[in-house]
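Asker:
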Amino acid sequence: MSNGPHAKLAELGLELPEVVPPVASYVPAVQSGQHVYVSGQLPMVEGKLLATGKVGAGVSAEQAKQLAQRCALNALAAIDSLVGLENVVKIVKLTGFVASAPGFTGQPAIINGASDLFGAVFGEAGRHARSAVGVAELPLDAPVEVEVIVEVS
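Under the UniProt record's numbering, the sequence shown has 77 at position 77, and the numbering climbs by one with no breaks.
Rendered as structure tokens:
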């Protein structure tokens, strides 16, 4: 039985989606040397946002955490299509953006949805540096956006 990232995703009951097509002038991911830089990923499924609005006003913290996990899953799809998940050595840096209602300060807990997925899939190699940032607006009125930098072999 394989213990690789695809097997871990299957154990979690998840499968990689198709790569989300860019909504502007960029590519989903680019490799430079031994790093892959993944463009900001929104919580999209089959070309549609799973939710819109602000976290803390219309989007609950628990829902936003699940949306952050979806962003991370979309990032994994972009990585897999470019270099293959089996070539990931380390999740280096995750930056999460949370469209926040005034007074909402729970951004770190929201972005745990992405961080926890990377840890579950890659174990110790999934532990990463991170920023969780509250913002006024995100593209398409998305509640959450995640970008990631990974080291690859």
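C-beta atoms are modelled at their ideal positions from N, C-alpha and C, and glycine is treated no differently.
1. By the three-class DSSP mapping on this structure, what secondary structure does residue 10 have?
2. Should residue 111 and residue 68 be called a contact, given that it needs their Cβ atoms to be closer than 8 Å?
3. Can you tell me whether residue 141 is buried or exposed, with buried defined as 16 or more other CB within 10 angstroms of its CB?
4. Measuring only the C-alpha atoms, how far is residue 113 from residue 66?
5. Look at the Cβ atom of residue 185, then the Cβ atom of residue 77, and state whether they are nearer than 8 Å.
6. Taking the beta strand (DSSP E) that residue 41 belongs to, which residues open and close that run?
7. Taking the alpha-carbon positions, what's the residue 7 to residue 122 distance?
8. Helix, strand or coil for residue 130 per DSSP?
9. Hey, quick one: how far does the beta strand (DSSP E) through residue 118 stretch, first residue to last?
10. Can you tell me whether residue 34 is buried or exposed, with buried defined as 16 or more other CB within 10 angstroms of its CB?
11. I'd like the span of the beta strand (DSSP E) that includes residue 16, first residue to last.
12. Take every Cβ of the region 86-93, pair it with every Cβ of the region 47-55, and state whether three or more of those distances are shorter than 8 Å.
Answerer: Looking at the atomic coordinates:
1. Look at residue 10 here: in three-state DSSP terms it is helix.
2. Between residue 111 and residue 68, the C-beta spacing is below 8 Å.
3. Counting the other CB atoms within 10 Å of its CB gives residue 141 a total below 16, which places it among the exposed residues.
4. Each residue's alpha carbon lies about 6 Å from the other.
5. Outside the modelled stretch of the chain, which goes from 1 to 153, sits residue 185, for which no answer is possible.
6. Run containing residue 41: 35-41, per the beta strand (DSSP E) assignment.
7. Cα to Cα, the separation comes out at about 11 Å.
8. Residue 130 falls in the strand class under three-state DSSP.
9. Per DSSP, residue 118 lies in no beta strand (DSSP E); the unbroken alpha helix (DSSP H) holding it starts and ends at 107-122.
10. Exposed, because fewer than 16 other Cβ atoms sit within 10 Å of the Cβ of residue 34.
11. No beta strand (DSSP E) holds residue 16; DSSP gives it neither H nor E.
12. The region 86-93 makes no contact with the region 47-55; the number of CB pairs closer than 8 Å stays below 3.
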